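Notes to accompany the following structure.
Residue numbers (full-length UniProt numbering), protein chains in the order written: chain A, 1 to 150; chain B, 1 to 150.
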C-alpha cells in the first residue's frame, strides 16, 4: 500500500473500496443500545410505526462503518486519515439489517496550509452505498494531509 | 419527560445534559479496532509520535457518545431525535482516555416544512465538552421534528 502525500492528490481523483461490510441486526441493536438508544434503532415493533417504517441502524453506526471502509481503501495519506471537520454529513436512505455497505470517494480540493508549511488540507466527498447502489451516507470533509518532506 | 413538538422550539433555546460519560481507554481502543483501526487510536507508543501526540479516541466514538448524551437530555422531540443531516461537524480538541464528556445544545432555527405539513426542521448547534470545559466536538445539524397534531 503506497503512502500518499499532499502532492499526490488532485481534484477529480476517485477511489473505491473493495471491502463490503454487512450490517447485522444484532450488531446494529447493540450499537444503538450503547450510543443511540431510541426505539426505531432497538425494536422491530416500535420501528415499524416510526418515521423509518422498520428497524434502521443509527446514523452514527453507518458513519463508523464508513470510516472502517475508508481505512481499508487505497486512500492512505501519510500520517493517517485525520479529519479536520465536515461541511456536510447526511443519511439519504436508512440502513437496514442485512445491508452490505461499500464506500467511494472523490477529491474535491487540495490546499497547502498557509500557517503550517508541512501540511495541507484535502477536501473529499465520501459516499457510502448499500447493495442496491443507493447512497446511505454522503459526507464532504476536510482531511489534514502531510506534505512530502523535501 | 415532556415530549416536544415543532411549535415548542424557538431560536435561542438552550439545553444542557446532566449526564457525563467517561471515555475509558479500553473502550476507546475497542471502538477504534472495530471502526477506525489507525495506530493513533490503538496504541500509546504509535500515538505519541502521531499528529495527536498521544492516544486519542476516534472522532466517530466522540460523535456516538455525543448522541448518547443527547438522548439523555430533556431535548425530547416527538418521534425521536432524527437527523436529516449536518452542515458542520468538527473535533477542535482530541478526546483522551479518562476524559469525561457532557453536552450542550442551542436551537438556531425552526422551519415548518413546505412539502410535509405534519413536520418541520429544527437547526441546532450541539457542543460536547471535556472536564476542562474544552469543546471536543461541535456540530450544526438539522433535525426532523413533528408538528403538534391539530
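Cβ coordinates follow ideal geometry from the N, Cα and C atoms, glycine included. Nothing here was measured: the structure is a model prediction, and the numbers come from that model.
Beta-bridge analysis with DSSP links residue 86 of chain B to A/89 and B/141. Counting along the chain, no alpha helix (DSSP H) covers residue 127 of chain A; the unbroken beta strand (DSSP E) around it starts and ends at 119-129.
Here residue 136 of chain B carries a strand assignment [DSSP, helix/strand/coil].
Proximity of the region 49-64 of chain A to the region 48-68 of chain B meets the contact definition, three or more beta-carbon pairs being nearer than 8 Å. Cβ-Cβ distances below 8 Å link residue 70 of chain B to 17, 81, 103, 105 and 126 in the same chain, with the five nearest sequence neighbours on each side left out; the list follows chain order. For the set B/14, B/11 and B/19, the Cα lying nearest the Cα of residue 131 of chain B is the one of B/19. In this structure residue 115 of chain A is exposed. Its beta-carbon is surrounded by fewer than 16 other beta-carbon atoms within 10 angstroms. Contact between residue 4 of chain B and residue 78 of chain B holds, with the beta-carbon distance rounding to 6 Å and staying under 8 Å.
Taking 9 Å as the cut-off between beta carbons, the residues of the region 49-60 of chain B near chain A are 50, 51, 52, 58, 59 and 60, in sequence order. The alpha carbon of residue 141 of chain A has as its nearest neighbour, out of A/85, A/98 and A/117, the alpha carbon of A/85.
In the displayed model, residue 108 of chain B falls within a strand according to three-state DSSP.
Under DSSP, the beta-bridge partners assigned to residue 146 of chain B are B/119.
Not a single CB atom of chain A sits nearer than 8 Å to the CB of residue 75 of chain B.
Neighbourhood of residue 47 of chain B in chain A, by CB distance below 7 Å: empty, with the nearest CB roughly 10 Å away.
Our two residues, residue 88 of chain A and residue 138 of chain A, have alpha carbons roughly 8 Å apart in a direct line. Of A/59, A/38 and A/83, the smallest CA-CA separation from residue 90 of chain A is found for A/59. Here residue 21 of chain A is bridged, per DSSP, to A/101.
Apart from the 5 residues on each side of it in sequence, residue 68 of chain A sits with its Cβ closer than 7 Å to the Cβ of 21 in its chain, given in chain order. Close partners of residue 88 of chain B in chain A (Cβ separation under 8 Å): 85, 86 and 87. Under the Cβ distance rule, residue 132 of chain B does not count among the residues neighbouring chain A, no pair being separated by less than 8 Å.
Sequence-ordered contacts of the region 107-120 of chain A with chain B are nonexistent [C-beta pairs closer than 8 Å].
Residue nearest to residue 2 of chain A within the set A/46, A/93, A/113 and A/72 is A/72 (criterion: CA-CA distance). Using a CB distance cut-off of 8 Å, residue 8 of chain A does not count as an interface residue toward chain B. For residue 14 of chain B, the uninterrupted beta strand (DSSP E) segment begins and ends at 14-16.
Taking the beta carbon of residue 79 of chain A as reference, the chain B residues within 8 Å of it are 50 and 51, listed in sequence order. By a beta-carbon distance limit of 8 Å, residue 122 of chain A contacts residue 9 of chain A. Their separation comes to about 5 Å.
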